[in-house]
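Using numbering that gives the first Met the number 0, read the sequence shown as starting at 0 and increasing by one per residue. Using N, Cα and C, we set each Cβ at its ideal position, and we do this for glycine too. Please read the structure below before turning to the comments.
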Amino acid sequence: MIHSSQGGTSLLEVDGLSVDYGLKGVSSRAIDSVSFALRAGEAVGLVGESGSGKTTTAMAIAGLLSPNARVSGGQVRYRGNRLPIDDDAAMRPHRWSETSVVFQGAMNALNPVHRIIKQIAEPCMLKLGMSRGEATARARELLEFVGIPTDRGSAYPHELSGGMRQRVMIAMALACRPSIIIGDEPTTALDVITQAQILKLLGELRSQLNLALILITHDLSVVAESCDRVMIMYAGRIVEDGSVAEIFAQPKHPYTRLLIESIPNPASGKKMIRPIPGDPPNLVNRPLGCAFHPRCPSAMAVCATEVPSLDKLGRGRVACHLHRSSQDKVAVHA
Ligand SMILES: Nc1ncnc2c1ncn2[C@@H]1O[C@H](COP(=O)(O)OP(=O)(O)O)[C@@H](O)[C@H]1O
Ligand code: SF4
Ligand SMILES: [Mg+2]
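Next up, the structure:
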């Protein structure tokens, strides 16, 4: 029996996954040795700055990597079975029916010349083998399910508000009855009120359908509201993983601490996001050792030469030499 790091049987296991992109003859590693497990019904946030590898992780799990991507290591297992994520044809039966993705910016993902009911019905016909009539009936049900009046089904995408379009994307993602939904910045383009409504909808669907949710965002405060657990990514690696409550109360990785400190807190007079000093690393010339060391206020000599491994610490995991050295000290003095 397989168990996730937080206990319970795993639905999804990502094990040492690395993905490289080839661009103009240069190969760069976008994600490096990413490992985590997800239980049925669990909601996990995947947080990091732009370029940290969140979308690549999502695309690899969903079997939607771009043609210039190469899986250079590791594997993904769904209900214990290895997925052929680097084989486009072999992955076809798995795509959208096990894990599906709600992308940012629904306007780009929806077909502008087709009515929304048709766009929701299509995957039901293609994947579930339904007749047009059955698929249209299911599309109506799905529209209702995501809070869109069924008479709006005949609308074209440009006739709907941004929030409604994102609801259509969620209906499409649910069409083939997946067990896992990945929201890739699903609310980034929306105003604050619509963002809250979409997050509430995802939460409701999750409990009604026992869906597992991976919520990708650069905004840690979004995760605080919607997830049980959070994984922090930096330069293609998971650097911290733990319960939302523990990570907010006691972040263990210096990058997580700076991310939390960067969140505006009007109660304490901090109204603006305080950016983390320095720039995210260039993946083609990734810094040696811990990729965060050029920006880290706690960096030590070892940080510039040795990559810290992601080790268990308490009920979570952290990749930072600060904790390894304190564990070593404990071991020496024990
Ligand atoms: N199709 C692609 N071809 C080449 N490089 C890519 C491609 N997609 C993403 N990358 C690169 O991979 C890294 C991770 O990107 P991505 O997974 O999109 O990060 P995030 O979603 O966290 O912003 C970035 O350096 C990005 O430039
Ligand atoms: S390993 Fe070193 S540089 Fe990296 S986060 Fe920890 S203390 Fe900072
Ligand atoms: Mg992204």
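Counting Cβ pairs, one atom from each stretch, are 3 or more of them under 8 Å apart for the segment 175-186 and the segment 14-27?
-> Verdict: no, contact absent.
Euclidean distance between Cα positions of residue 48 and residue 54 = Walking along the sequence shown from the start, residue 48 turns up at place 49. Walking along the sequence shown from the start, residue 54 turns up at place 55. If I take the Cα positions, the gap works out to 11 Å.
Determine the burial state of residue 169: buried for a count of at least 16 other Cβ atoms within 10 Å of its Cβ, exposed for fewer.
-> Here residue 169 is taken as the residue at index 170 of the sequence shown, counted from 1. The residue is buried, with at least 16 neighbouring Cβ atoms inside 10 Å.
By how many angstroms is the C-alpha of residue 178 removed from the C-alpha of residue 58?
-> Position 59 of the sequence shown, counted from the start, is the residue given in the question as residue 58. Position 179 of the sequence shown, counted from the start, is the residue given in the question as residue 178. For residue 58 and residue 178, the distance between alpha carbons rounds to 16 Å.
Among residues of its own chain, excluding the 5 on either side of residue 316, which ones have a beta-carbon nearer than 6 Å to its beta-carbon?
-> Taking the sequence shown and counting its residues from 1, the one referred to as residue 316 is at position 317. Here the set comprises 240 and 309.
Looking at C-alpha atoms only, which residue of 197, 209, 233 and 232 is the closest neighbour of residue 224?
-> Taking the sequence shown and counting its residues from 1, one reaches residue 224 at position 225. It is 197 whose Cα lies nearest to the Cα of residue 224.
Mark residue 190 as exposed unless 16 or more other C-beta atoms lie within 10 angstroms of its C-beta, in which case mark it buried.
-> Looking up residue 190 in the sequence shown gives position 191. Exposed, because fewer than 16 other Cβ atoms sit within 10 Å of the Cβ of residue 190.
Could you tell me if residue 158 is buried or exposed, where buried requires 16 or more neighbouring beta carbons within 10 angstroms of its beta carbon?
-> Here the question's residue 158 lines up with position 159 in the sequence shown. So residue 158 ends up on the exposed side.
Might you give, ordered along the chain, the residues of its own chain that have their beta carbon closer than 7 Å to the beta carbon of residue 285, omitting 5 neighbours on each side?
-> Counting from 1 along the sequence shown, the entry for residue 285 is found at position 286. These residues qualify, in order along the chain: 234.
Please go through the same chain and pick out, in chain order, the residues whose beta-carbon is closer than 8 Å to the beta-carbon of residue 230, but skip the five residues on each side of it.
-> In the sequence shown, counting from the first residue as 1, residue 230 sits at position 231. Within the same chain, residue 230 has close Cβ partners 35, 43, 44, 45, 46, 237, 239 and 240.
Inspect the beta-carbon positions of residue 420 and residue 78 and report whether they are closer than 8 Å.
-> This structure gives no information on residue 420, because the portion of the chain shown stretches from 0 to 333.
Tell me, please, which residues DSSP counts as bridged to residue 335.
-> Because the chain is modelled from 0 through 333, residue 335 falls outside the range shown and cannot be assessed.
Is residue 297 near ligand 2, going by C-beta to nearest heavy atom under 7 Å?
-> As a first step, residue 297 must be located in the sequence shown, where it is residue number 298. The answer is yes for residue 297.
Three-state class that DSSP yields for residue 0 in the structure shown | As a first step, residue 0 is located in the sequence shown; it is residue number 1 there, counting from the start. Per-residue confidence for residue 0 stands at a pLDDT of 41, beneath the threshold of 50, marking its modelled position as unreliable; no derived number is given.
Nearest-angstrom Cα distance between residue 262 and residue 247?
-> In the sequence shown, the residue the question calls residue 262 occupies position 263. In the sequence shown, the residue the question calls residue 247 occupies position 248. If you take the alpha carbons of residue 262 and residue 247, they lie about 11 Å apart.
When we look at the beta-carbon of residue 99 and count the other beta-carbons within 10 Å, is it buried (16 or more) or exposed?
-> On the sequence shown, residue 99 is found 100 positions in, with the first residue counted as 1. The residue is buried, with at least 16 neighbouring Cβ atoms inside 10 Å.
Where are the beta strand (DSSP E) runs, 3 residues long or more, that stay fully inside the segment 194-227, in chain order?
-> Within the segment 194-227, the complete beta strand (DSSP E) runs of at least 3 residues are 211-216.
Buried or exposed: where does residue 166 fall if 16 or more other Cβ atoms within 10 Å of its Cβ makes it buried?
-> The count along the sequence shown starts at 1 and reaches residue 166 at position 167. Label assigned to residue 166: buried.
Okay, do the segment 89-97 and the segment 130-147 touch, 3+ Cβ pairs below 8 Å being the bar?
-> No: the two stretches stay apart, fewer than three of their Cβ pairs being nearer than 8 Å.
Can you tell me the Cα-Cα spacing of residue 142 and residue 252, whole angstroms?
-> Residue numbering aside, residue 142 sits at position 143 when the sequence shown is read from its first letter. Residue numbering aside, residue 252 sits at position 253 when the sequence shown is read from its first letter. In this structure, the straight-line span from the alpha carbon of residue 142 to that of residue 252 is close to 42 Å.
Determine the contact status of residue 277 and residue 256, defining contact as a CB-CB distance below 8 Å.
-> By one-based count along the sequence shown, residue 277 stands at place 278. By one-based count along the sequence shown, residue 256 stands at place 257. In this structure, residue 277 sits away from residue 256, with a CB-CB distance that is not shorter than 8 Å.
Heavy atom of ligand 1 less than 7 Å from the Cβ of residue 337, yes or no?
-> Absent from the structure is residue 337, since the part of the chain shown begins at 0 and ends at 333.
Quick one: what does DSSP say residue 18 is sitting in, helix, strand or coil?
-> Position 19 of the sequence shown, counted from the first residue, corresponds to residue 18. Here DSSP, grouped into helix, strand and coil, assigns residue 18 to strand.
Compute the beta-carbon to beta-carbon distance between residue 282 and residue 29, rounded to the nearest angstrom, for a pair I have assumed lies under 8 Å.
-> As a first step, residue 282 is located in the sequence shown; it is residue number 283 there, counting from the start. As a first step, residue 29 is located in the sequence shown; it is residue number 30 there, counting from the start. The Cβ separation is near 6 Å, so the contact holds.
Selected residue, minimal CA-CA separation from residue 259, among 222, 280, 227 and 304 = Sequence index remark: in the sequence shown, residue 259 carries index 260 (1-based). It is 222 whose Cα lies nearest to the Cα of residue 259.
For residue 321, name the three-state secondary structure that DSSP assigns.
-> As a working note, residue 321 is residue 322 in the sequence shown. Residue state, collapsed to three classes: helix.
Output the residue ranges of the beta strand (DSSP E) runs that lie fully inside the segment 71-128 and measure 3 residues or longer, sorted by chain position.
-> Within the segment 71-128, the complete beta strand (DSSP E) segments of 3 residues or longer fall at 98-101, listed in chain order.
Select from 249, 296 and 299 the residue whose C-alpha is nearest the C-alpha of residue 312.
-> Looking up residue 312 in the sequence shown gives position 313. Closest in C-alpha terms to residue 312, from the list 249, 296 and 299, comes 249.
Cutoff 7 Å; reference residue 202; Cβ partners in own chain excluding five residues on either side | Here residue 202 is taken as the residue at index 203 of the sequence shown, counted from 1. Excluding sequence neighbours, residue 202 sits near 225.
Consult DSSP for residue 291 and reduce its assignment to one of helix, strand or coil.
-> The sequence position of residue 291 within the sequence shown is 292, counting from 1. Here DSSP, grouped into helix, strand and coil, assigns residue 291 to coil.
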